Amino acid sequence: MAISTHRTLPEDLVSIQAEMQARAKEEGLDFFDTNFEFVDYEELSMFAAYTGFPQRYPHWRFGAQYDELMKGYSYGLQKIYEMVINTNPCHAYLLNTNSKADQKLVIAHVYGHCDFFKNNAWFAPTNRKMLDQVANHAARVNRYIDRHGHEAVEEFIDACLSLEDLIDPHLPHVKRHDDHVPKKNSLATDNEQKTDETNDGRFPSEKQYMDAFINPPDVLQAQAEEKQKVQEAKEAARSFPTRPERDVLLFLLEHADLRPWQHDVLSIVRDEAYYFAPQGQTKIMNEGWASYWHSTIMTKYGLTDAEVVEYADHHSGTMAMSPQRLNPYKIGIELFRDVEERWNKGQFGSEWESCDDQREREHWNRDTGLGREKIFEARRIHNDVTFLDTFLTPEFCQKNKFFMFAYNEANEHYEIASREFYKVKEQLLDSLTNHGRPVIRVTDGNYKNRGELYLIHQFQGMPLKLDYARDTLTNLHRLWRRPVHIETVCEEKSTVLSYDGTSHEMKSN
Amino acid sequence: MSRNIDRDLTRFKQIVRGKVRQNLRKYVNHGEMIGRKGKNVVSIPVPSINIPRFQHGPKGSGGVGQGDGEEGQPIGKGGQQPGDGMGPAGSEPGDQHYREVEVTLDELAEMLGDELQLPRIEPKGNDAIVSKKDRYTTISDNGPDSLRHHKRTFKKALKRSIASASYRPERPMIIPTRPDFQYRSWKSVPLPQSNAALIYIMDVSGSMMDEQKEIVRTEAFWIDTWLRNQYDGVECRYIIHDAAAKEVDEDTFYHTRESGGTRISSAYKVCRDLIRRDFPPSEWNIYCFQFSDGDNWGEDNKDCLQMLIEDIMVHCNLYCYGQVESPYGSGDFIRELRNLTEEHENLVLSEIPGKDAIYDSIKTFLGKGK
Numbered sequence: 019m020a021i022s023t024h025r026t027l028p029e030d031l032v033s034i035q036a037e038m039q040a041r042a043k044e045e046g047l048d049f050f051d052t053n054f055e056f057v058d059y060e061e062l063s064m065f066a067a068y069t070g071f072p073q074r075y076p077h078w079r080f081g082a083q084y085d086e087l088m089k090g091y092s093y094g095l096q097k098i099y100e101m102v103i104n105t106n107p108c109h110a111y112l113l114n115t116n117s118k119a120d121q122k123l124v125i126a127h128v129y130g131h132c133d134f135f136k137n138n139a140w141f142a143p144t145n146r147k148m149l150d151q152v153a154n155h156a157a158r159v160n161r162y163i164d165r166h167g168h169e170a171v172e173e174f175i176d177a178c179l180s181l182e183d184l185i186d187p188h189l190p191h192v193k194r195h196d197d198h199v200p201k202k203n204s205l206a207t208d209n210e211q212k213t214d215e216t217n218d219g220r221f222p223s224e225k226q227y228m229d230a231f232i233n234p235p236d237v238l239q240a241q242a243e244e245k246q247k248v249q250e251a252k253e254a255a256r257s258f259p260t261r262p263e264r265d266v267l268l269f270l271l272e273h274a275d276l277r278p279w280q281h282d283v284l285s286i287v288r289d290e291a292y293y294f295a296p297q298g299q300t301k302i303m304n305e306g307w308a309s310y311w312h313s314t315i316m317t318k319y320g321l322t323d324a325e326v327v328e329y330a331d332h333h334s335g336t337m338a339m340s341p342q343r344l345n346p347y348k349i350g351i352e353l354f355r356d357v358e359e360r361w362n363k364g365q366f367g368s369e370w371e372s373c374d375d376q377r378e379r380e381h382w383n384r385d386t387g388l389g390r391e392k393i394f395e396a397r398r399i400h401n402d403v404t405f406l407d408t409f410l411t412p413e414f415c416q417k418n419k420f421f422m423f424a425y426n427e428a429n430e431h432y433e434i435a436s437r438e439f440y441k442v443k444e445q446l447l448d449s450l451t452n453h454g455r456p457v458i459r460v461t462d463g464n465y466k467n468r469g470e471l472y473l474i475h476q477f478q479g480m481p482l483k484l485d486y487a488r489d490t491l492t493n494l495h496r497l498w499r500r501p502v503h504i505e506t507v508c509e510e511k512s513t514v515l516s517y518d519g520t521s522h523e524m525k526s527n
Numbered sequence: 002m003s004r005n006i007d008r009d010l011t012r013f014k015q016i017v018r019g020k021v022r023q024n025l026r027k028y029v030n031h032g033e034m035i036g037r038k039g040k041n042v043v044s045i046p047v048p049s050i051n052i053p054r055f056q057h058g059p060k061g062s063g064g065v066g067q068g069d070g071e072e073g074q075p076i077g078k079g080g081q082q083p084g085d086g087m088g089p090a091g092s093e094p095g096d097q098h099y100r101e102v103e104v105t106l107d108e109l110a111e112m113l114g115d116e117l118q119l120p121r122i123e124p125k126g127n128d129a130i131v132s133k134k135d136r137y138t139t140i141s142d143n144g145p146d147s148l149r150h151h152k153r154t155f156k157k158a159l160k161r162s163i164a165s166a167s168y169r170p171e172r173p174m175i176i177p178t179r180p181d182f183q184y185r186s187w188k189s190v191p192l193p194q195s196n197a198a199l200i201y202i203m204d205v206s207g208s209m210m211d212e213q214k215e216i217v218r219t220e221a222f223w224i225d226t227w228l229r230n231q232y233d234g235v236e237c238r239y240i241i242h243d244a245a246a247k248e249v250d251e252d253t254f255y256h257t258r259e260s261g262g263t264r265i266s267s268a269y270k271v272c273r274d275l276i277r278r279d280f281p282p283s284e285w286n287i288y289c290f291q292f293s294d295g296d297n298w299g300e301d302n303k304d305c306l307q308m309l310i311e312d313i314m315v316h317c318n319l320y321c322y323g324q325v326e327s328p329y330g331s332g333d334f335i336r337e338l339r340n341l342t343e344e345h346e347n348l349v350l351s352e353i354p355g356k357d358a359i360y361d362s363i364k365t366f367l368g369k370g371k
C-alpha cells in the first residue's frame, strides 16, 4: 500500500529552508534539488527502518528495526532528527517535533549530505532514481509472494541477505582491461601461444649436429607429456571462474541453478547491496562533511541569540565521544577541520614533513589559504579508508585522544592497548576496510569436477566466527544446491568448512 | 490506514514469538536468562534475529576508541564486544545483540504448556476460596470531603467554565460548584486465596555441588511458573536438609551450601509437620518436589519410606522426586522409591543427569495433570 501523501513543510520552515539553501550555495555547496517532508516520529521511524524509502519489499527485518527505533524513542533513549536519501532530487524527512533551532541545524546538515551524495566519486555510479527502483523491487517481490507464498519467498530472501556482504564494492568503478581491449589483441596472444606450442619448447640451434645436445629428445618428450597432462587436467577440471570472483552474488546469478523468481529476488538483493555500499564506505566522511557544514552555516548565519544554547547542546550531543565506539560525526568533522587548518597554514609538503623542530611546527603558518579547496577536493575523491589513510596524523590522534583497545584474555575485559599512532591507524583502517567484514572470493564453481562451489576467505589475522560461517554455508547451499566449501584459517591451520546439504564438515590441513 | 511497516512489524513479532516457542527447550535449560522483575512481566533477552553472515570471530582483534585513560585500563567487559570501530547507535549491528521481548509469566506458562503438552490440572477441594478487598482506585461524584480529589475537581470545573464560555484567560479564575466535585472511591477486588502449596525439599549435603543446585533452581522456576498459571494463588515453602532439616526462605534455599551426611527422614519430618500445621489437605492442593543426589544414610531408608507413604504422600496431589546426578552421590534412594510407584500413583520419579535433562524431567513431573 502506497503512502504517497506529500507532507509539505509549514510556512515558517519553508523560509528557513530557502535561507539555508541560499547560504549553502553561497558557501560553495553543490547539490541536487532537495524535497523536504515534515513527518511525525512514527513515520520517520518507518522511513528510517526502510532506510529512507517509502516502499520496500515485505520483510521482517524492517519491522525489527522499526520496533527498535520506536521503543528507543518512547523510552526516551534515542531520537532521529532527520533522514536523507541519495536520489535526484534528494529526499529528506524532518521530524515535526524538532524545535526551530533544531530544524535549522538539520536542514543545513541535510544540504551537506546532499552535496556529498552528488559530488563524492564513490556515489557516482549509484542509481539516482533509486526511489523508483526500490518501489519496483517491492512490487516484484509482492508479486512473487502472491504466487509462491510468503514463507517461501521470505526464507529465500533471508538466505540471500545472509550472503549480502559478498559483493565487490569496487566493482562499479572497475574498468577491466579486457572489457575494452579490441578482439585483435586477443588474437595476437592466441597466435603467440600457438607458436609457443608448435616449437615444443625447443631452443633454437643453428648447427644441426648440436641439436640433439641442445634439445635432447627424451627431455623434449618428457616436456611434451607434462604439457599434455597439464592441458588434460585443466580440461578435466573445467574450473571456472578464470580469476577469483569477489562478487559472489553475481557469480551465483550467472551460474547457480535458480528458478526465475529466485534469480530475480537475488538480483534485487544484490542491486540494493550495491546501492547502499558507498554509504558504508563513506560514513565518517559523509557525516563529518554534513556536520562541518551545519556547524559552519549555523555559527556564521543561522543562529539567533535565543538559540545558541540549544544549538550548542544538540551539536555537542551529536559529537559526543565514547571510549568504546568511534563517533563518525566527531572524527569526520574534526578531520575535515584539521585538514582545512593544515592547508590554510601550509602544513603539508616535503618542507613540513622534514621539519622536526617541534616549536617551529607548532607555529608553522605560511598563509597558504588552501584549506577550503583541499577539503572540497577530499570530499570529491576520497572514501573513509583513503581519507584516513591520507590525512590522519599523529598530532590529530593525540589531540583527539585516540587509542586502540584489545581483548585481554586474563581478566576478560577490553583494555586500552596502545596509543601509538601507527597501531591506532592500522587498527582503524583494518576495521574500515571492507566494512570490517572478511574478504571472500569464489575460486571454483566446479570443484572436484562435481559442480561444487569453493570459496576462499582471504585471511587477515582474524578467524571467522564458526557457527555463523556454518549457517551461512547452509544458506549458500540453498542457492547453489550442490555442496559448498569455504577455505579459511582456524586456530592457525588452513581449514576447509563444507556443507553438502545434510551435514557440516570441517577439515584442517 | 494500514502501513507496510505494521505488516513487517507483525511479521517480526510473530517470528520472535515463534522463536521463543521453538527454542523454548534452550530457555528451559538456561533459566538464568530469565529475569523475574516487577509484578508479573519479565523481560527476556531474546537474541535478536541475526541473519548469519561470514564474519569475524567474536573477540576480533579489538578496535579504536576515544577518550582518556592509561594503557591497560579496562573499557568494557568481556563477552560484549565494544562497537567494532564504527557507527552511532544503531547504524552497525553490535556483535551480541539482544532484543527485549516482553512476555508475561502467563504467556510463558502457556508456551511451556504447549511445548511440553502438559495437561491442565484438575484442582481438588475448594478451588475458589476467594476473599474481597476494597481498593481506592476509582472516582465518584459523591463522597466525604476528606476524599475529595482536588485536581480532578479543578479540571472538571475548568472544562465546564470553558464550555460555558465564562472562562476569561486574562482573569483565569475557576470556581468549582457542587457538580464539579470529584471524590476518590473504592472498588471491591476479589483476592484469590492460595490454594496450591509447593514444598521444595533439597538435599544440601556435601555431595551436592553448585551445578546440581543450578539444575534444581532452573527446574523449580519452571515448575513454579506452570503451577502459578494453573492456580490462582500459590504458596511456596522450602526445606533443606543434610543430616538435619529446617525450613528456610527462598533465597537461602538456593544459596546454602551445607556439608555433612544425609538423613532424608529428617526432611520428611519437617515436611510432615509443615503440612499438618499450615496446609490442611482438605483445602490445599499440595505438591512436593524433592531433589537429591540419591545418597542417604543406609539405615535411614526404612524410616523414610514409611513416613513418606503414611504421612506425606496421602495428602499430596503429586510427590515428585528428582534425582540429580552428582560425582559423589551413590544414587541409591531412587531405587527404593521405585518399588513404591506401582502402589502409589501420585509418586513421580525422574533422574536428571544434566542440564539438558531438565526439560524431560519437567515433563515427567507435570505430565500427569494432577
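Order-wise, the sequence lines are chains A and B. 19 is the number of the first residue of the first sequence in this note's numbering; add one for each residue after it. 2 is the number of the first residue of the second sequence in this note's numbering; add one for each residue after it. Ideal Cβ placement from N, Cα and C applies to all residues, glycine included. Note that the coordinates shown come from a computational prediction; the quantities given were computed from them, not determined experimentally.
Checklist entry - Along chain B, in chain order, which residues have C-beta atoms closer than 7 Å to that of VAL311/A? => result As a position in the first sequence, residue 311/A is number 293, starting the count at 1. In the sequence under discussion, the amino acid at residue 311/A is Trp, which differs from the Val named in the question. Residues of chain B passing the Cβ test: none, with the nearest at roughly 18 Å.
Checklist entry - What beta strand (DSSP E) runs, 3 residues minimum, are completely inside the region 273 to 322 of chain B? => result Listed in chain order, the complete beta strand (DSSP E) runs (minimum 3 residues) inside the region 273 to 322 of chain B are 286 to 293.
Item to check | Close-in-space but distant-in-sequence residues of the same chain around CYS272/B (CB under 7 Å, 5 per side omitted) | outcome: As a working mapping, residue 272/B is identified with position 271 in the second sequence. ILE200, ILE202, ILE240, CYS289 and ILE313, listed in sequence order.
Checklist entry - Any beta-carbon of chain A closer than 9 Å to the one on ASN5/B? => result The residue labelled residue 5/B in the question sits at position 4 within the second sequence. True, the Cβ-Cβ gap to chain A drops below 9 Å.
Item to check | Under 8 Å from the C-beta of THR490/A: neighbouring residues of chain D | outcome: As a matter of chain content, chain D is missing from the structure shown, whose protein chains are A and B.
Checklist entry - How many Å lie between PHE55/B and GLY70/B at the Cα? => result By one-based count along the second sequence, residue 55/B stands at place 54. By one-based count along the second sequence, residue 70/B stands at place 69. Roughly 34 Å separates the two Cα atoms.
Next on the checklist: What are the residues in the region 311 to 322 of chain B lying within 9 Å of chain A by C-beta distance?
Outcome noted: Answer in chain order: no residues at all.
Item to check | Cβ neighbours of TYR319/A in the same chain (closer than 6 Å, five flanking residues each side left out) | outcome: Within the first sequence, the letter at position 301 stands for residue 319/A. By the criterion of a C-beta distance shorter than 6 Å, TYR319/A is surrounded in its chain by ARG41, once the five residues flanking it on both sides are discounted.
Next on the checklist: Pull the bridge partners of TYR59/A from the DSSP assignment, please.
Outcome noted: Residue 59/A sits at position 41 when you count from the first residue of the first sequence. For TYR59/A, DSSP records no beta bridge to any residue.
Checklist entry - When the Cα atoms are used, what is the spatial distance from ALA240/A to PRO234/A? => result Sequence index remark: in the first sequence, residue 240/A carries index 222 (1-based). Sequence index remark: in the first sequence, residue 234/A carries index 216 (1-based). In this model, ALA240/A and PRO234/A are separated by some 10 Å (Cα to Cα).
Checklist entry - Using CA coordinates, which residue listed in LEU275/B, GLY295/B and ASN230/B is at the minimum distance from LEU367/B? => result To locate residue 367/B, count along the second sequence from 1; it is residue 366. Measuring from the Cα of LEU367/B, the nearest candidate turns out to be ASN230/B.
Item to check | Minimum Cβ-Cβ distance from GLY73/B to chain A less than 9 Å | outcome: The sequence position of residue 73/B within the second sequence is 72, counting from 1. Taking Cβ atoms only, chain A reaches closer than 9 Å to GLY73/B, which makes this a yes.
Checklist entry - Would you call MET174/B buried or exposed, if buried means 16 or more other Cβ atoms sit within 10 Å of its Cβ? => result Along the second sequence, read from residue 1 onward, the residue named residue 174/B stands at position 173. The residue in question, MET174/B, is exposed, as its Cβ has fewer than 16 Cβ neighbours within 10 Å.
Checklist entry - What are the boundary residues of the beta strand (DSSP E) that TYR99/A is part of? => result Mapped onto the first sequence, residue 99/A falls at position 81. Counting along the chain, no beta strand (DSSP E) covers TYR99/A, and no H or E run does either.
Item to check | Cross-chain neighbours of PRO456/A in chain B, by beta carbon under 7 Å | outcome: For the purposes of this step, residue 456/A is identified with residue 438 of the first sequence, where counting begins at 1. Correct list: PHE55, GLN56 and HIS57.
Checklist entry - Any Cβ of chain B within less than 9 Å of the Cβ of MET422/A? => result Looking up residue 422/A in the first sequence gives position 404. Interface residue, yes.
Next on the checklist: My assumption, with CB atoms under 8 Å, is that ILE175/A sits in contact with HIS77/A. Please give the rounded CB distance.
Outcome noted: Position 157 of the first sequence holds residue 175/A. Position 59 of the first sequence holds residue 77/A. Indeed they touch by this definition, with Cβ atoms about 6 Å apart.
Item to check | Expected contact under 8 Å - CB spacing of LEU338/B and LEU319/B to nearest Å | outcome: For this step, residue 338/B is matched to residue 337 along the second sequence. For this step, residue 319/B is matched to residue 318 along the second sequence. Not really, about 14 Å apart at Cβ, beyond 8 Å.
Checklist entry - Is PRO259/A closer than 9 Å to THR461/A when the C-beta atoms are compared? => result Taking the first sequence and counting its residues from 1, the one referred to as residue 461/A is at position 443. Taking the first sequence and counting its residues from 1, the one referred to as residue 259/A is at position 241. Their beta carbons are under 9 Å apart, which means THR461/A touches PRO259/A by this criterion.
Next on the checklist: Less than 9 Å between the beta carbons of LEU471/A and PRO501/A, yes or no?
Outcome noted: As a first step, residue 471/A must be located in the first sequence, where it is residue number 453. As a first step, residue 501/A must be located in the first sequence, where it is residue number 483. Yes, Cβ-Cβ distance for LEU471/A and PRO501/A is below 9 Å.
Checklist entry - the ligand ATP heavy atoms versus the CB of LEU482/A: any closer than 8 Å? => result Of the ligands one can find in the structure shown there are none, so the ligand ATP has no counterpart to examine.
Checklist entry - Relative to the alpha-carbon of GLU352/A, which residue among THR490/A, ARG397/A, GLY306/A and ARG488/A has its alpha-carbon at the smallest distance? => result As a first step, residue 352/A is located in the first sequence; it is residue number 334 there, counting from the start. Minimum Cα distance to GLU352/A is reached at GLY306/A.
Next on the checklist: Any beta carbon of chain B sitting closer than 9 Å to that of SER526/A?
Outcome noted: Counted from its first residue, the first sequence places residue 526/A at position 508. False, the Cβ-Cβ gap to chain B never drops below 9 Å.
Item to check | Proximity winner among VAL248/A, GLU438/A and SER313/A, relative to GLU45/A (alpha-carbon distances) | outcome: Mapped onto the first sequence, residue 45/A falls at position 27. Just measuring C-alpha positions, the residue of VAL248/A, GLU438/A and SER313/A sitting nearest GLU45/A is SER313/A.
Item to check | C-alpha gap between ASP186/A and LYS525/A, whole angstroms | outcome: By 1-based counting over the first sequence, the position of residue 186/A is 168. By 1-based counting over the first sequence, the position of residue 525/A is 507. The alpha-carbon atoms of ASP186/A and LYS525/A are separated by roughly 28 Å.
Item to check | Status (buried if at least 16 other CB within 10 Å, exposed otherwise) for CYS373/A | outcome: For this step, residue 373/A is matched to residue 355 along the first sequence. By the neighbour-count rule (16 or more Cβ atoms within 10 Å), CYS373/A is not buried but exposed.
Next on the checklist: So with CB distances below 7 Å, who are the chain B contacts of HIS77/A?
Outcome noted: As a position in the first sequence, residue 77/A is number 59, starting the count at 1. Residues of chain B whose Cβ lies closer than 7 Å to the Cβ of HIS77/A are, in chain order, ASP9.
Checklist entry - Run through DSSP, which three-state label would TYR269/B get? => result As a first step, residue 269/B is located in the second sequence; it is residue number 268 there, counting from the start. TYR269/B falls in the helix class under three-state DSSP.
Checklist entry - Could you give the C-beta distance for ASN106/A and ARG146/A, rounded to a whole number, given that I count them as a contact under 8 Å? => result Numbered from 1 along the first sequence, position 88 holds the residue referred to as residue 106/A. Numbered from 1 along the first sequence, position 128 holds the residue referred to as residue 146/A. Confirmed, Cβ separation roughly 4 Å.
Checklist entry - Unbroken alpha helix (DSSP H) runs of length 4 or more, entirely within the region 378 to 434 of chain A: which are they? => result Fully enclosed alpha helix (DSSP H) runs of 4 or longer: 389 to 399, 402 to 409 and 412 to 417.
Next on the checklist: Using a Cβ-Cβ distance cut-off of 9 Å, determine whether ASP407/A contacts chain B.
Outcome noted: For the purposes of this step, residue 407/A is identified with residue 389 of the first sequence, where counting begins at 1. With 9 Å as the cut-off, ASP407/A does not count as an interface residue toward chain B.
Checklist entry - Buried or exposed: where does ASP323/A fall if 16 or more other Cβ atoms within 10 Å of its Cβ makes it buried? => result Taking the first sequence and counting its residues from 1, the one referred to as residue 323/A is at position 305. Label assigned to ASP323/A: exposed.
Checklist entry - In terms of residues, what are the limits of the alpha helix (DSSP H) holding GLN213/B? => result As a first step, residue 213/B must be located in the second sequence, where it is residue number 212. Residues 211 to 231.
Item to check | Test item: CB-CB of MET544/A and ARG4/B under 9 Å | outcome: Examination of residue 544/A is not possible in this model, given that chain A is present from 19 through 527 alone.
Checklist entry - Identify the residues that DSSP records as bridge partners of SER512/A: which are they? => result Start at 1 with the first residue of the first sequence, and residue 512/A comes out as number 494. Paired residues: VAL507/A.
Next on the checklist: Counting only C-beta atoms, is TYR486/A closer than 9 Å to chain B at any point?
Outcome noted: Here residue 486/A refers to the residue found at position 468 of the first sequence. At a cut-off of 9 Å, the C-beta of TYR486/A has a neighbouring C-beta in chain B.
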